[in-house]
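The listed protein sequences derive, respectively, from chains P and L. Just so we're aligned: the first sequence equals residues 1 to 305 in my numbering. Just so we're aligned: the second sequence equals residues 306 to 654 in my numbering. A short worksheet on the structure shown next.
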Amino acid sequence: MNAKEIDQKTLLRNEADPLTHTPVHLLELDQVGKNYGNIRALSDVTMAVDNGRVTCVLGDNGAGKSTLIKIIAGLHQHDHGTLKIRGEERKFNSPRDALDVGIATVYQDLAVVPLMPIWRNFFLGSELTSGFGPFKSMDVQKMKDITKHELAEMGIDLRDVEQPIGQLSGGERQCVAIARAVYFGAKVLILDEPTAALGVKQSGVVLRYILQARDRGLGVIFITHNPHHAFPVGDRFLLLKRGKSIGYYEKKDITLDELTAQMAGGAELAELAHELEQLGGHGDVVKEVHGEMAGVEQATGKAYT
Amino acid sequence: MTQTLAKPAPLAGDERVGRRSPFQKLLGRPEVGALVGAIVLFIFFSVVSSTFIQPSSFATVLYGSSTIGIMAVGVSLLMIGGEFDLSTGVAVISSALTASMFAWYFSLNVWVGVALALVVSLTIGFINGWILVKTKLPSFIVTLATFLMLTGLNLALTRLISNGVSSPSIAQMDGFASARAVFASSVNIAGVEVKITVFFWIVLVAVASWVLLRTKVGNWIFAAGGDANAARAVGVPVTKTKIGLFMAVGFCGWVLGMHNLFAFDAVQSGEGVGNEFLYIIAAVIGGCLLTGGYGSAVGGAIGAFIFGMANKGIVYAQWNPDWFKFFLGLMLLLATIVNLIVKRRAELK
Numbered sequence: 001m002n003a004k005e006i007d008q009k010t011l012l013r014n015e016a017d018p019l020t021h022t023p024v025h026l027l028e029l030d031q032v033g034k035n036y037g038n039i040r041a042l043s044d045v046t047m048a049v050d051n052g053r054v055t056c057v058l059g060d061n062g063a064g065k066s067t068l069i070k071i072i073a074g075l076h077q078h079d080h081g082t083l084k085i086r087g088e089e090r091k092f093n094s095p096r097d098a099l100d101v102g103i104a105t106v107y108q109d110l111a112v113v114p115l116m117p118i119w120r121n122f123f124l125g126s127e128l129t130s131g132f133g134p135f136k137s138m139d140v141q142k143m144k145d146i147t148k149h150e151l152a153e154m155g156i157d158l159r160d161v162e163q164p165i166g167q168l169s170g171g172e173r174q175c176v177a178i179a180r181a182v183y184f185g186a187k188v189l190i191l192d193e194p195t196a197a198l199g200v201k202q203s204g205v206v207l208r209y210i211l212q213a214r215d216r217g218l219g220v221i222f223i224t225h226n227p228h229h230a231f232p233v234g235d236r237f238l239l240l241k242r243g244k245s246i247g248y249y250e251k252k253d254i255t256l257d258e259l260t261a262q263m264a265g266g267a268e269l270a271e272l273a274h275e276l277e278q279l280g281g282h283g284d285v286v287k288e289v290h291g292e293m294a295g296v297e298q299a300t301g302k303a304y305t
Numbered sequence: 306m307t308q309t310l311a312k313p314a315p316l317a318g319d320e321r322v323g324r325r326s327p328f329q330k331l332l333g334r335p336e337v338g339a340l341v342g343a344i345v346l347f348i349f350f351s352v353v354s355s356t357f358i359q360p361s362s363f364a365t366v367l368y369g370s371s372t373i374g375i376m377a378v379g380v381s382l383l384m385i386g387g388e389f390d391l392s393t394g395v396a397v398i399s400s401a402l403t404a405s406m407f408a409w410y411f412s413l414n415v416w417v418g419v420a421l422a423l424v425v426s427l428t429i430g431f432i433n434g435w436i437l438v439k440t441k442l443p444s445f446i447v448t449l450a451t452f453l454m455l456t457g458l459n460l461a462l463t464r465l466i467s468n469g470v471s472s473p474s475i476a477q478m479d480g481f482a483s484a485r486a487v488f489a490s491s492v493n494i495a496g497v498e499v500k501i502t503v504f505f506w507i508v509l510v511a512v513a514s515w516v517l518l519r520t521k522v523g524n525w526i527f528a529a530g531g532d533a534n535a536a537r538a539v540g541v542p543v544t545k546t547k548i549g550l551f552m553a554v555g556f557c558g559w560v561l562g563m564h565n566l567f568a569f570d571a572v573q574s575g576e577g578v579g580n581e582f583l584y585i586i587a588a589v590i591g592g593c594l595l596t597g598g599y600g601s602a603v604g605g606a607i608g609a610f611i612f613g614m615a616n617k618g619i620v621y622a623q624w625n626p627d628w629f630k631f632f633l634g635l636m637l638l639l640a641t642i643v644n645l646i647v648k649r650r651a652e653l654k
């Protein structure tokens, strides 16, 4: 490995928060682990999130990405290690706890209710009301106006906030979910595989919103299995494999090829190419895997064939 | 209700938003299928039977509709919230039996029994909801169990306390007259006696519509039924919402139970079985999706009105009432198909 791993202790000592200029991170995990019965879903994960920074969590299926975000979002509690918010140790009992300290999660399935209008989804769980006592009613017009305005602010030009959110495209729904989190004062925004189900162009749109959220001063945790999506927007990269951290890098210390190599693992790619050939796989696919391997070999200086 | 759609947000002439005529907007409402059905049925019976459109007959139709409609309000909300309740039919009778037998056994003012019945009805709702959210069993199983248990309790406790199959008469007891005035009187409107349940029904529908469309609880109900996990993830108290909905159904059951009791002075302990389906049918005809997340209180009311018209209309047309169930089944099938088409359009458009 010619990529230099971040020494967490040094990082804590040296790096000041770019906005608050304190040596305390917005969100910080130290050797966090989680067991489901006798299954170790996650162990020894150390990472940090700061204002105006994007921390990418990369890993293949089953690497523990979902477990990690469930811990940060308050759906599960960690069994080992510490989770600190602005230096204060916390353990969340419910998603509400996490929301209250400003951690908002945009889930893969988006946490939107498809049959409900966009504005109802936007304010779901945090409705604006007027009046008092039992006569408290929702301020419908204001909520519609804010929805329209906030989405326009994020550069999303929606047709009609009254239409069911299920009618929007996947990318548009992602953007509504992100705008919602930003509006409700999220400090930390967790994005769970926002580009997984999207086409190339739509992915680009979502990546742009990630940068916009970052520029608004949010700390973003971007979960993905695609290093090509992570590298252009990320500031830090945490790599997970089989529930363990296999590397934690700053952007200046790693290149896209190295990231890809780390994620895929050169030896595994070689095995895959071999297997595909044996099964009579399509020539192009095998060639592609070989190409990927060449990149890995270049990056790591090791030969796998 | 149409307010929500009739006033689209000011869009400053976005070319992608085609102008929708009021007619098209109407087609997008959940209760449109039921409304069309109700109008067709009304015209049909008006033509077939001359007595049907007389004010007094119409008041009878409204009364019949209201006895279903009061329950359909709660059941519709519950269905929008993604659950349904099979215990409603007998729970109504449980409530009436509680009020009459408690007051009779301890020789108390009947209003004490009425108050206790309210507590019992809300508790039945709470238990249904609580078991549902704790066990995560389907509401079909949970409320089917409650239905059977309540059916048994109604019969067994009545026999134990009054030695018969009906509750003892409470007509001579303190407070009976005032309770009858509240729960089972009639109001004279332009020479026509209109039963008070019709007004209960209208008030309940109005309150339920307001809650559903204009309060945050209404937002939570739609979300709990539409996608409970998504709702929970954004901080909606899904379990409280669902328990609350079951209790709202309990409240409606109490209102109807008190009417059943004070319209006469005793209740048959074996009654109510099968009525739960009428309430569910009214809600489904009114455009509530069985899977939750979509529907309206007004729709349930229209469904109940269709039921009332078909029920009484057949009598006024001097047909054999045996045909009634056939009619009901046909209406249910047609309404559900219309709802399905409307929902697909809403999703795919």
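Idealized CB from N, CA, C, for every residue including glycine.
Counting only Cβ pairs nearer than 7 Å, list the residues of chain P close to residue i.
i, result
"residue 521(L)", "127, 129, 138"
"residue 528(L)", "113, 116, 124"
"residue 625(L)", "Here the premise fails: no neighbours, minimum Cβ distance about 42 Å."
Going along chain L, which residues have a C-beta under 9 Å from residue i?
i, result
"residue 111(P)", "532, 534, 535, 536, 537, 538, 539"
"residue 173(P)", "Correct list: empty, because the minimum Cβ distance to chain L is about 11 Å."
"residue 99(P)", "539, 540"
Evaluate residue i with the Cβ neighbour count: other Cβ atoms within 10 Å of its Cβ, from every protein chain shown; 16 or more gives buried, anything less gives exposed.
i, result
"residue 148(P)", "buried"
"residue 519(L)", "buried"
"residue 482(L)", "exposed"
"residue 267(L)", "No answer is possible for residue 267(L): it lies beyond the span of chain L, which begins at 306 and ends at 654."
"residue 373(L)", "buried"
"residue 21(P)", "Unreliable positioning characterises residue 21(P) in this predicted model, as indicated by a pLDDT of 46, which lies under 50. The coordinate reading is nonetheless provided below. Its Cβ having fewer than 16 others within 10 Å, residue 21(P) is exposed."
"residue 359(L)", "exposed"
"residue 443(L)", "exposed"
"residue 124(P)", "buried"
"residue 182(P)", "buried"
"residue 627(L)", "exposed"
"residue 646(L)", "exposed"
Against chain L, does residue i count as a neighbour if the rule is that its beta carbon must be under 8 Å from one of theirs?
i, result
"residue 17(P)", "Below a pLDDT of 50, predicted positions are generally treated as unreliable, and residue 17(P), at 44, falls in that range; no measurement from the model is reported."
"residue 68(P)", "no"
"residue 107(P)", "yes"
"residue 90(P)", "no"
Give me whichever residues DSSP pairs with residue i in a beta bridge.
i, result
"residue 56(P)", "222(P), 237(P)"
"residue 145(P)", "For residue 145(P), which the question treats as bridged, DSSP gives no partner whatsoever."
"residue 117(P)", "164(P)"
"residue 40(P)", "35(P)"
"residue 500(L)", "491(L)"
"residue 84(P)", "28(P), 89(P)"
"residue 130(P)", "137(P)"
"residue 103(P)", "188(P)"
"residue 245(P)", "240(P)"
"residue 49(P)", "27(P)"
Out of the options, state which residue places its alpha-carbon closest to the alpha-carbon of residue i.
i, options, result
"residue 40(P)", "68(P), 28(P), 47(P), 29(P)", "68(P)"
"residue 115(P)", "157(P), 166(P), 93(P), 35(P)", "166(P)"
"residue 455(L)", "581(L), 618(L), 644(L)", "581(L)"
"residue 73(P)", "220(P), 274(P), 242(P)", "220(P)"
"residue 459(L)", "419(L), 405(L), 480(L)", "405(L)"
"residue 506(L)", "338(L), 355(L), 367(L), 350(L)", "367(L)"
"residue 48(P)", "278(P), 197(P), 236(P)", "236(P)"
"residue 50(P)", "138(P), 188(P), 144(P)", "188(P)"
"residue 78(P)", "25(P), 60(P), 32(P), 223(P)", "32(P)"
"residue 521(L)", "272(P), 120(P), 36(P)", "120(P)"
"residue 118(P)", "146(P), 276(P), 279(P), 164(P)", "164(P)"
Give me the chain P residues within the contact set of residue i, using Cβ-Cβ distance strictly less than 8 Å, ordered along the chain.
i, result
"residue 599(L)", "115"
"residue 602(L)", "Those do not exist, as residue 602(L) stays about 15 Å from chain P at its closest Cβ, beyond 8 Å."
Strictly under 8 Å for the Cβ-Cβ distance: is residue i near chain P by that measure?
i, result
"residue 493(L)", "no"
"residue 459(L)", "no"
"residue 644(L)", "no"
"residue 580(L)", "no"
Kindly list, in the order they appear in chain L, the residues whose Cβ is closer than 8 Å to that of residue i.
i, result
"residue 355(P)", "Residue 355(P) is absent from the model: chain P starts at 1 and stops at 305."
"residue 236(P)", "Those do not exist, as residue 236(P) stays about 25 Å from chain L at its closest Cβ, beyond 8 Å."
"residue 53(P)", "Residues of chain L passing the Cβ test: none, with the nearest at roughly 24 Å."
Please list, in chain order, the chain P residues whose beta carbon lies closer than 9 Å to that of residue i.
i, result
"residue 616(L)", "Neighbours of residue 616(L) on chain P: none; closest Cβ ~32 Å, over 9 Å."
Consider the C-beta atom of residue i and the heavy atoms of the ligand ATP; say whether any pair is separated by less than 7 Å.
i, result
"residue 550(L)", "The ligand ATP is absent from the structure shown, which contains no ligand whatsoever."
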